[in-house]
Amino acid sequence: MADVSQLNVAKFGGTSVANYQAMCNCAKIVINNPATRVVVVSASAGVTNYLVELSQTPLNKDQIATVVENIRQIQYSILNDLGKPAEVAYKLEALLHILEQLAYHEEILHRTDLKDELLSLGERMSSLLFAEVVSQMGTPAEKFDVRKVLRTDSEFSKGAPQIAEIKTLSQQLLLPELSRAIQVVQGFIGADEQGNTTTLGRGGSDFTAALLAEALDAQTCEIWTDVIGVYTTDPRITDKARPLPELSFEEAAEMATFGAKVLHPATMEPALRQDIKVFVGSSKEPEKGGTWIVRNCDHEPHYRAITRRKDQVMVTLKTPKMLHAQGFLQTVFTIIAKHKLSVDLVTTSEISVSFTLDNPPNSAVQKLNSKVLEELRALCEVVVEENFDLVTVVGNKMHSGAGVSSKIFDAVSAYNLRMICFGANPHNLSFLVSDKDSTDVVKVLHQKLFEEQAA
Ligand code: ADP
Ligand code: ASP
Ligand code: MG
20 MADVSQLNVA
30 KFGGTSVANY
40 QAMCNCAKIV
50 INNPATRVVV
60 VSASAGVTNY
70 LVELSQTPLN
80 KDQIATVVEN
90 IRQIQYSILN
100 DLGKPAEVAY
110 KLEALLHILE
120 QLAYHEEILH
130 RTDLKDELLS
140 LGERMSSLLF
150 AEVVSQMGTP
160 AEKFDVRKVL
170 RTDSEFSKGA
180 PQIAEIKTLS
190 QQLLLPELSR
200 AIQVVQGFIG
210 ADEQGNTTTL
220 GRGGSDFTAA
230 LLAEALDAQT
240 CEIWTDVIGV
250 YTTDPRITDK
260 ARPLPELSFE
270 EAAEMATFGA
280 KVLHPATMEP
290 ALRQDIKVFV
300 GSSKEPEKGG
310 TWIVRNCDHE
320 PHYRAITRRK
330 DQVMVTLKTP
340 KMLHAQGFLQ
350 TVFTIIAKHK
360 LSVDLVTTSE
370 ISVSFTLDNP
380 PNSAVQKLNS
390 KVLEELRALC
400 EVVVEENFDL
410 VTVVGNKMHS
420 GAGVSSKIFD
430 AVSAYNLRMI
440 CFGANPHNLS
450 FLVSDKDSTD
460 VVKVLHQKLF
470 EEQAA
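For what it's worth, this note's numbering labels the leading residue of the sequence shown as 20, then goes sequentially.
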């Protein structure tokens, strides 16, 4: 019987479970830490994108067959490397059969419940295969259906976790299993009260791991991915980015909210509530260490990191009626709230209000849809401008230090900033720039804030 008084929840992202070899690296990480009794896996890299394509794009039968075949090949290559154990092969076939039925379903493009059921299959397949990889290495492991415990509301594609229920269900159904075998669960998916499958939004497996760590009173939560920690900025933007050994909960939450893809935006919420230390590291190079995200850091610099969020849309609402009119902003934000859009930056003038929204191409729903626009147009003139990116500097005491913002503005003085916002807390300063400029803006800011200092 394993000791479960010290509990770690380990999450492995899409590239970490992309193929058999990658899964073996992850299995070693799991086995090497006896505190790891719950493993959360994403779908194998590429699979969720294929599933989104099947659920969103009108495809003919041949095109559907091609996409299904691509998914089948990713999963079968792992199954084959496992030596095709009969029981796993049978279960994988059953999941692929459901996948095919949903892919060809005549209402797949229109029913959000079917879309979520289809999207859930990536994680359901990868968890089945990963549990077998761990078992074959000689450590008891089994797949556990996370939908039994990860209760959400019924909002398909962006299910809101029901924290109290998740805790009760996890303690009742998942905790007792931990002493017997490592439980491999699906990230990203959940179920509502009626048992319908829901999903948490793209990249949601990090959030699953943090939610389960909270529900099971775990001490730590590890996010294993393809980079050796959280960096000063996305290492894909500049090779000068460097990994951060330590980050505070607040800083990490800001980074996640403002586009550091390495963490799903909501990941830090459960960690903050329950004081769970979060580790981010590379499943390919675990020996290189990673970033520890903790409540308090020894050092709290003004500038910690720069993030970029792509695919921002700026909406400007103009009405002469807004002049001294009361309730206009309230009406606008009621519409936005009703459609569950999340607004980041807002600026107002006497007769206009501008705000930014996220509209990434691979999200499971198109957020700024014609319905929202129709409602806003009934109220006032609406101008929608696309092709913007949001750049954010994350740090500490950004409101109070003299010269903290001027150093940032000096660095980017050659660029046209369309909106500028200090966060409601002292941890961020954001601005909107053309997507054509954003890479250069991040590079030049990075140089000014981090490289010169380091020199
Ligand atoms: P996973 O599939 O493991 O969840 P993701 O692709 O979602 O992985 O997240 C890891 C990626 O996040 C990295 O490859 C990196 O390009 C990107 N990223 C963006 N910002 C940062 C940052 N500040 N630090 C580290 N990685 C970042
Ligand atoms: N598989 C899901 C996605 O690609 C969730 C995740 O990877 O975290 O968005
Ligand atoms: Mg991710």
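We treat Cβ as the ideally placed atom computed from N, Cα and C, and that holds for glycine.
Note that the structure is predicted; figures quoted are calculated from it, not measured.
The shortest CA-to-CA distance from D258 to any of V461, L133, L197 is the one to V461.
Under DSSP, Q202 shares a beta bridge with V57, E161. The nearest non-hydrogen atom of ligand 3 is 8 Å or more from the C-beta of D294.
In this structure, G32 and S224 form a Cβ contact; the two beta carbons are roughly 7 Å apart against a cut-off of 8 Å. Two segments are said to touch when three or more pairs of C-beta atoms, one from each, lie closer than 8 Å; by this definition the region 451 to 471 touches the region 312 to 331. The C-alpha of A433 is placed about 42 Å away from the C-alpha of S63. G278 has its CB nearer than 8 Å to a heavy atom of ligand 1.
Taking 8 Å as the upper bound for CB-CB distance, L468 and L409 are not in contact here, some 17 Å apart.
Put simply, the backbone Cα of K307 is about 14 Å away from that of E265. As the crow flies, the alpha-carbon of F374 is around 6 Å from that of T366.
According to the DSSP assignment, K357 belongs to no beta strand (DSSP E) but to the alpha helix (DSSP H) extending over 347 to 357.
Taking the Cβ atoms as the reference, A108 lies roughly 6 Å from L98, within the contact range of under 8 Å.
Residue environment: M438 is assigned as buried (16 or more neighbouring CB atoms within 10 Å of its CB, all protein chains considered). The alpha carbon of S154 has as its nearest neighbour, out of V391, E233, M42, the alpha carbon of M42. The beta carbons of E151 and L101 sit about 6 Å from each other, so the pair counts as a contact at 8 Å.
DSSP, reduced to helix, strand and coil, places C440 within a strand of the structure shown. Between A285 and F226, the C-beta spacing is below 9 Å. Residue pairing for C240: DSSP places it in a beta bridge opposite V28, V297.
Under DSSP, V334 forms a beta bridge with F374, V403.
Runs of alpha helix (DSSP H) with 4 or more residues, each lying fully within the region 120 to 175, are found at 131 to 138, 140 to 155, listed in chain order.
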